[in-house]
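Undergrad: Below is one structure. I have some questions about it.
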Amino acid sequence: MQHSTTSNKNIEFIDLTSDDNIKQEPIINNQCQYTFRILIKNEISSTTNVSKTTHTSINHQQSLKSNDKTKKLKSMTNKYMIIDCLKGLQMLPNNSIQCIVTSPPYNKLGLREGRQYNGQIIYDTYDDNMNEDEYQQWQCNLLNEINRILTPNGSLFYNHKDRRYCKRDYPPENFILRSNLKLYQTIIWDRGSTVNQNSKYFRPNLEKIFWLTKSSIDYSSSSSSPKFYRNKLPECFKSSIWRISPDRKNLHPAPFPQLLSEICILATTDQGKYRNE
């Protein structure tokens, strides 16, 4: 699946990390008022050849009625919010997002109690060095907050990986299964390569994508959602092993490929529904 530039979209960046020179814009949702501090506005291009539009949408007005709901939902299309993830999720109403695709920091430095390692990812504003127990609780809190905002048939695709330290493996299932979300399926992301070269164990070329749902729903029913459009995906993505090369041109220190999120969105959403990346 090749990517080419097909459209330009105005993307608004909402920076909630600074209180300097801000403009406050109240958004009302069912008797609750949220204040957005708007700082940055920019224009970027989106690149995809997938037939359906895949973009970030944030639904703050799910419980509003008729014309007001439609008008205000459109006003929140194509927004990127620069904010602490938990604080941002807490601003969203219950049962408002159909699909979320995300990947947290892996806390590999924290797991190693601050000891440096080969292939260490360097972030500009985050040291990836939390106490491991605090990290796992942080992730459980995040997953539970996502559980609150997902629609009853909504899906979370949560990218993480097994981490190694002191001759043992630390699988993320250890804390994922403590959350309120239900593990529907585990998908293997075959990256094809790794920076972790160690002759003492097999090369870890894979990461995991956990398909988590809000409730244990029977998705075999045609009337149930998410609709699993496997017949519309390329043959190579109809199994639970996805062979996708890492995005090495992205300036972010730990990106995942756009194609990965596109598959998740196409597999579990209908056109016009709301998703968050």
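Counting with our numbering, you get residues 45 to 321 for the letters of the sequence shown. Ideal placement from N, C-alpha and C gives every residue a C-beta, glycine not left out. Model, not experiment: these values are computed from the prediction.
Return the chain-ordered ranges of every alpha helix (DSSP H) run that is complete within the region 124-157 and spans a minimum of 4 residues.
TA: Correct list: 129-134, 152-155.
Undergrad: Would you say K142 and L194 are within 9 angstroms of each other, going by their C-beta atoms?
TA: The question names Lys, but residue 142 in the sequence shown is Gln. For Q142 and L194, yes; Cβs fall inside 9 angstroms.
Undergrad: Mapping the DSSP letters down to three states, classify S313 as helix, strand or coil.
TA: The sequence shown places Thr at residue 313, rather than the Ser named in the question. Coil, per DSSP.
Undergrad: Assign N224 to one of three DSSP states: helix, strand, or coil.
TA: Three-state result, N224: coil.
Undergrad: According to DSSP, simplified to helix, strand and coil, what is I288?
TA: Three-state result, I288: coil.
Undergrad: Indicate whether the contact test is met: 3 or more Cβ pairs, each with one atom in the region 205-222 and one in the region 274-289, closer than 8 angstroms.
TA: Not touching, per the Cβ criterion.
Undergrad: Report back the beta-carbon spacing between I231 and W286 to the nearest angstrom; my notes put them in contact at under 8 angstroms.
TA: Rounded, the Cβ-Cβ distance is 6 angstroms, consistent with contact.
Undergrad: By the three-class DSSP mapping on this structure, what secondary structure does P278 have?
TA: Three-state result, P278: coil.
Undergrad: What residues match up with W182 in a beta bridge as DSSP calls it?
TA: Its beta-bridge partners do not exist; DSSP assigns none.
Undergrad: Just to confirm my understanding: we take I307, look at its own chain, exclude 5 residues before and 5 after, and list those with CB closer than 8 angstroms. What are they?
TA: Answer for I307: L277, F281, W286, listed in chain order.
Undergrad: If contacts are defined as beta-carbon pairs under 8 angstroms, then K226 and L256 qualify, I think. What distance do you get, rounded to the angstrom?
TA: Yes, K226 and L256 are in contact; Cβ-Cβ is about 7 angstroms, under 8 angstroms.
Undergrad: Classify K205: buried if its beta carbon has 16 or more other beta carbons within 10 angstroms, exposed otherwise.
TA: Its Cβ being crowded by 16 or more others within 10 Å, K205 is buried.
Undergrad: Since P144 and I190 should fall inside the 8 angstroms C-beta cutoff, what is the C-beta to C-beta distance between them, to a whole number of angstroms?
TA: According to the sequence displayed, residue 144 carries Ile and not Pro. Their Cβ separation, rounded to whole angstroms, is 6 angstroms, which keeps I144 and I190 in contact under 8 angstroms.
Undergrad: Using CA coordinates, which residue listed in S223, F300, L310, K258 is at the minimum distance from K252?
TA: That would be F300, whose Cα lies nearest to the Cα of K252.
Undergrad: With 16 other CB atoms within 10 Å as the buried threshold, where does N151 fall?
TA: Answer is buried; the Cβ neighbour count reaches 16.
Undergrad: Say the cut is 8 angstroms; is the CB of Q181 nearer than that to a heavy atom of the ligand ADP?
TA: In the structure on display, the ligand ADP does not appear, and there are no ligands present to speak of.
Undergrad: Buried or exposed: which applies to K259, given that a residue is buried once 16 or more other Cβ atoms fall within 10 Å of its Cβ?
TA: Here the sequence assigns Ser to residue 259, which means Lys is not the residue at that position. That one is exposed.
Undergrad: Taking N197 and L130 to be in contact with their CB atoms under 8 angstroms, please state how far apart those CB atoms are, rounded to whole angstroms.
TA: Not confirmed; about 24 angstroms, so no contact.
Undergrad: For Y78, name the three-state secondary structure that DSSP assigns.
TA: Low confidence applies to Y78: its pLDDT is 32, below 50, so where it sits in the model is not reliable, and the reading given next is rough at best. In the structure shown, Y78 sits in a strand (DSSP, three-state: E or B).
Undergrad: Is the beta carbon of S42 less than 9 angstroms from the beta carbon of F201?
TA: Residue numbering for the chain in the displayed model covers 45 to 321; residue 42 lies beyond these limits and cannot be assessed.
Undergrad: Would you check if the distance between the CB atom of W182 and the CB atom of N203 is smaller than 9 angstroms?
TA: No, the pair does not count as a contact, with Cβ atoms beyond the cut-off.
Undergrad: By the three-class DSSP mapping on this structure, what secondary structure does S305 have?
TA: It is helical.
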